[in-house]
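Protein chains in written order, with the numbering used here: chain Y, 297 to 630; chain D, 297 to 630.
Note sheet for the following structure.
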């Protein structure tokens, strides 16, 4: 595949210009572009510039407010609520970080409910940002129905990612971000685009039978990881990121979306914990470092997310590379 | 196997007497017996009277304080901390329920850190109790190292259960309680006791190779559900139920225990959410009922925990049955 190399700043500028050309204001375009380019630097293509055409589609159809002005405020001593004003989620998330960190440090534990947004779900970025405030952070979110429930054979759950981060003494936080499906939808989309087969067990076709064809899986359903246990976690994520905060569950997102190809409307729940406020008399960071060290003393183990951190380190030239077809598409849309 | 039938009240009394005879005061014995007998009524044998000999062993060795007087207090506006006074967990959990529910209703979200207890981990009972206050509830806890990390082949994580409950409009809450291992340790113990083989994929022997022999698995390691994704959740649970609150991680529990056969010292984290405090303008219970209804409209699906609720309903004679060998053992220990 022909690739185009881009300096990080140039990639950010290209994406920003494209989004502004399609109806975003600079604040929204900048926040979205920054999130995508950081995903590219982490070599997580499925959350990178690959998403630009979808954003543009959602702006063009009028579904999403490109000039959204998300507003945050407390609704209970431990709970903040963000009204996303019908925009894409990155600006809302950017504006939520500091108030949530402050609330967690005051309360010991605090939650942020993000509503009325169209979501880009690179959740690891959000929990990582909170962990840089020396907090533990959990984020859950749902999207269009694509995952079959345990025992069922039609899409019902979103891929329902859960992300969690914990501060490290030296270097960036430990952070994982994993779909409740065996594989993320973005990976299936990319396999379909590139004409790759997928392993058995990832999804079923529209007839309910297992298949390796990503196009059939996109018409059928993904499967939850770990069978009924993963499905139970998916249900918990729907309840916390939709029923708890009054946002759309996956099945409602599927029914309410205009199918313009962009992200669907949905919410997100973030929970932040301040380890210094749990009456923990010992050095909590020493304790968790000992846990990580002991885990890594077993041959063959690694910490969740460490491939992403290694990728990030390997982008020292501040340069990313994207398929030429995608580059041309973005330029054309600009 | 010869079984003995017992009325629920008689089972509770038998277990209470046995625990008192071995050094518990009435408050602790009653709370433990009640938890075990409710597990028996749910036909969850591995959290039932099966545990009595382990409790007695831990009392006899002097490891656990049978007359513990657990005390709870706030350590931050949203965080309660329970000092378990070196006792078994049931009395601490009983005393924590009302204060945690009250804190969640005031704060919107609240946490309870339970420390210095020896744990019985029937977590569904605790989250179910909180959900009866019209709260969503999450509980995590770790125990002795028995699960190999992804890529590793020696025990490192506890079975690291996660339980979650959500209120229903009619009837008992939806509640799941699942180990991060493919199977709970209690199931392996019971298979070993009864001489049953287990399916491949549940565990590895001391040589690191897959095995179906529960005795070899008990000497080797259990495996996490869903591979690296389940292992990541296990790591999160260790961090939240140990590093966050200053209690022992699984590997520390293994190293610090006197191996008397009873439960090990460990902590637990409970988080409760009040759905009326998230600025959710709609009827949150209507919303979640619609989610459950839609899920169940797919053939072959069921809600997590519904087998347990069905079992509970099928105990209408208020009578349980336990193996005669266990009954005789308890009587002998009394």
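Just so it is clear, CB atoms sit at the ideal spot from N, CA and C, and this is done for glycine as well.
Legend entry - CB contact check: residue 435 (chain Y) to chain D, cutoff 9 Å: Taking the first residue of the first chain as position 1, residue 435 (chain Y) is located at position 139. By this cut-off, residue 435 (chain Y) is not an interface position.
Inset, instruction - Check the Cβ of residue 347 (chain D) against every Cβ in chain Y and list those closer than 9 Å, keeping chain order. - result: For the purposes of this step, residue 347 (chain D) is taken as residue 51 along the second chain, with counting starting at 1. Simply none; closest approach about 23 Å.
Inset, instruction - Compare the C-beta of residue 556 (chain D) with all C-beta atoms of chain Y and state if any pair is closer than 9 Å. - result: Translated into positions along the second chain, residue 556 (chain D) becomes position 260. Not an interface residue.
Inset, instruction - Take every Cβ of the region 308-315 of chain Y, pair it with every Cβ of the region 346-361 of chain Y, and state whether three or more of those distances are shorter than 8 Å. - result: Three or more Cβ pairs drawn from the region 308-315 of chain Y and the region 346-361 of chain Y lie within less than 8 Å of each other, which places the two stretches in contact.
Inset, instruction - Mind checking which residues open and close the beta strand (DSSP E) that includes residue 617 (chain D)? - result: Taking the second chain and counting its residues from 1, the one referred to as residue 617 (chain D) is at position 321. It spans 615-619 - the beta strand (DSSP E) in which residue 617 (chain D) sits, taken as one unbroken run.
Inset, instruction - Flag this pair as yes or no: are the beta carbons of residue 436 (chain D) and residue 459 (chain D) separated by less than 9 Å? - result: Taking the first residue of the second chain as 1, we reach residue 436 (chain D) at position 140. Taking the first residue of the second chain as 1, we reach residue 459 (chain D) at position 163. Going by C-beta atoms, residue 436 (chain D) is nearer than 9 Å to residue 459 (chain D).
Inset, instruction - Determine, using beta carbons only, whether residue 476 (chain D) and residue 520 (chain D) come nearer to each other than 9 Å. - result: Working through the second chain from its first residue, we reach residue 476 (chain D) at position 180. Working through the second chain from its first residue, we reach residue 520 (chain D) at position 224. Yes. Within cutoff.
Legend entry - Extent of the continuous alpha helix (DSSP H) run through residue 544 (chain Y): Along the first chain, read from residue 1 onward, the residue named residue 544 (chain Y) stands at position 248. Where residue 544 (chain Y) is concerned, there is no enclosing alpha helix (DSSP H), given that its DSSP letter is neither H nor E.
Legend entry - Identity of the residue in D:471, D:595, D:361 nearest residue 388 (chain D) by Cα: Counting from 1 along the second chain, the entry for residue 388 (chain D) is found at position 92. Per the Cα distances, D:361.
Legend entry - Residue closest to residue 547 (chain D), alpha-carbon to alpha-carbon, out of D:517, D:439, D:465: As a working note, residue 547 (chain D) is residue 251 in the second chain. Selected option, being the one with the closest Cα: D:439.
Legend entry - alpha helix (DSSP H) runs contained entirely in the region 331-409 of chain D, provided each spans 4 or more residues: Those alpha helix (DSSP H) runs which fall completely within the region 331-409 of chain D and span 4+ residues are 348-356, 385-403.
Legend entry - Distance between residue 322 (chain D) and residue 552 (chain D) (C-alpha atoms, nearest Å): On the second chain, position 256 is the one that residue 552 (chain D) refers to. On the second chain, position 26 is the one that residue 322 (chain D) refers to. Those two C-alpha atoms are separated by around 28 Å.
Inset, instruction - Identify, in the order they occur along the chain, each residue of the same chain with its Cβ nearer than 6 Å to the Cβ of residue 456 (chain D), setting aside the five sequence neighbours on each side. - result: The residue you call residue 456 (chain D) lines up with position 160 of the second chain. Counting only Cβ-Cβ distances below 6 Å, and skipping sequence neighbours, we find 438, 476, 530, 533.
Legend entry - Cutoff 9 Å: residue 406 (chain Y) Cβ touching any chain D Cβ: Indexing the first chain from 1 puts residue 406 (chain Y) at position 110. It does: the Cβ of residue 406 (chain Y) has a partner Cβ on chain D nearer than 9 Å.
Inset, instruction - Using a Cβ-Cβ cut-off of 9 Å, state whether residue 485 (chain Y) counts as contacting chain D. - result: Taking the first chain and counting its residues from 1, one reaches residue 485 (chain Y) at position 189. For residue 485 (chain Y), the answer is no, since every Cβ of chain D falls outside 9 Å of its Cβ.
Inset, instruction - For the region 509-538 of chain Y, enumerate the residues whose C-beta is nearer than 9 Å to any C-beta of chain D, in chain order. - result: Under the 9 Å Cβ criterion, the region 509-538 of chain Y contributes 520, 521, 522, 523, 524, 525, 526, 527, 528, 529, 531, 532, 534, 535, 536, 538.
Inset, instruction - Give the secondary structure of residue 571 (chain Y) by DSSP, where H, G and I count as helix, E and B as strand, and everything else as coil. - result: Counting from 1 along the first chain, the entry for residue 571 (chain Y) is found at position 275. DSSP places residue 571 (chain Y) within a helical segment (H, G or I) once states are collapsed to three.
Inset, instruction - Verify whether the separation of the beta carbon atoms of residue 405 (chain D) and residue 541 (chain D) is less than 9 Å. - result: To locate residue 405 (chain D), count along the second chain from 1; it is residue 109. To locate residue 541 (chain D), count along the second chain from 1; it is residue 245. Result no, Cβ atoms of residue 405 (chain D) and residue 541 (chain D) do not sit closer than 9 Å.
Inset, instruction - Quick one: grab the DSSP three-state call for residue 594 (chain Y). - result: Position 298 of the first chain holds residue 594 (chain Y). In the structure shown, residue 594 (chain Y) adopts coil according to DSSP, grouped into three states.
Legend entry - Proximity winner among Y:366, Y:327, Y:382, Y:384, relative to residue 376 (chain Y) (alpha-carbon distances): Walking along the first chain from the start, residue 376 (chain Y) turns up at place 80. Selected option, being the one with the closest Cα: Y:366.
Inset, instruction - Measure how close the beta-carbons of residue 383 (chain Y) and residue 364 (chain Y) come, nearest whole angstrom, since I'm counting them as under 8 Å. - result: The count along the first chain starts at 1 and reaches residue 383 (chain Y) at position 87. The count along the first chain starts at 1 and reaches residue 364 (chain Y) at position 68. Indeed they touch by this definition, with Cβ atoms about 2 Å apart.
Inset, instruction - Check whether the Cβ of residue 374 (chain Y) lies closer than 9 Å to any Cβ atom in chain D. - result: Residue numbering aside, residue 374 (chain Y) sits at position 78 when the first chain is read from its first letter. Residue 374 (chain Y) belongs to the set of residues whose beta carbon lies under 9 Å from a beta carbon in chain D.
Inset, instruction - Taking residue 420 (chain Y) as the query, report the chain D residues whose CB atoms sit under 9 Å from its CB, ordered along the chain. - result: Here the question's residue 420 (chain Y) lines up with position 124 in the first chain. Going along chain D, no residue has its Cβ under 9 Å from residue 420 (chain Y), so there is no contact; the nearest lies around 12 Å.
Inset, instruction - Please decide whether residue 618 (chain Y) counts as near chain D, where near means a Cβ-Cβ distance under 9 Å. - result: Within the first chain, the letter at position 322 stands for residue 618 (chain Y). It does not; no Cβ of chain D falls within 9 Å.
Legend entry - Whole alpha helix (DSSP H) elements within the region 466-516 of chain D, 4-residue minimum: Assignment of alpha helix (DSSP H) within the region 466-516 of chain D, counting only whole runs of 4 or more residues, yields 481-490, 510-515 in chain order.
Inset, instruction - Below 7 Å CB to CB, which residues in the same chain sit around residue 401 (chain D) once its five sequence neighbours on both sides are set aside? - result: Against the second chain, residue 401 (chain D) aligns to sequence position 105. For residue 401 (chain D), where only same-chain residues beyond five positions count, the Cβ hits under 7 Å are 570.
Legend entry - Beta-ladder partner(s) of residue 462 (chain Y), from DSSP: The residue given as residue 462 (chain Y) occupies position 166 in the first chain. The partner list for residue 462 (chain Y) (beta bridge, DSSP) reads Y:470.
Legend entry - From D:549, D:489, D:317, residue whose alpha carbon lies closest to that of residue 297 (chain D): Translated into positions along the second chain, residue 297 (chain D) becomes position 1. Closest option to residue 297 (chain D), Cα to Cα, is D:489.
Inset, instruction - Just the chain Y side, please: which residues come within less than 8 Å of residue 584 (chain D) by C-beta, in chain order? - result: On the second chain, position 288 is the one that residue 584 (chain D) refers to. At a C-beta separation below 8 Å, residue 584 (chain D) has these neighbours in chain Y: 535, 539.
Inset, instruction - Note down, in chain order, all residues in the region 563-581 of chain Y with a beta-carbon under 8 Å from any beta-carbon belonging to chain D. - result: Taking 8 Å as the upper bound on Cβ-Cβ separation, chain D lies near residues 567, 569, 570, 571, 573, 574, 575, 576, 577, 578, 580 of the region 563-581 of chain Y.
Legend entry - Residues near residue 421 (chain D) by beta carbon distance below 7 Å, same chain, minus five either side: The sequence position of residue 421 (chain D) within the second chain is 125, counting from 1. Contacts found: 331, 334.
Legend entry - Alpha-carbon to alpha-carbon, residue 301 (chain Y) and residue 624 (chain Y): Here residue 624 (chain Y) refers to the residue found at position 328 when the first chain is read from its first residue. Here residue 301 (chain Y) refers to the residue found at position 5 when the first chain is read from its first residue. Residue 624 (chain Y) and residue 301 (chain Y) have their C-alpha atoms spaced approximately 13 Å apart.
Legend entry - For residue 622 (chain Y), three-class secondary structure by DSSP: Residue mapping note: residue 622 (chain Y) aligns to position 326 of the first chain, counting from 1. It is helical.
Legend entry - Proximity winner among D:495, D:622, D:354, D:355, relative to residue 513 (chain D) (alpha-carbon distances): By one-based count along the second chain, residue 513 (chain D) stands at place 217. For residue 513 (chain D), the nearest C-alpha among the options comes from D:495.
Legend entry - Residue from D:585, D:544, D:573 whose Cα sits closest to the Cα of residue 584 (chain Y): Here residue 584 (chain Y) refers to the residue found at position 288 of the first chain. Comparing Cα-Cα distances from residue 584 (chain Y) to each of D:585, D:544, D:573, the minimum goes to D:544.
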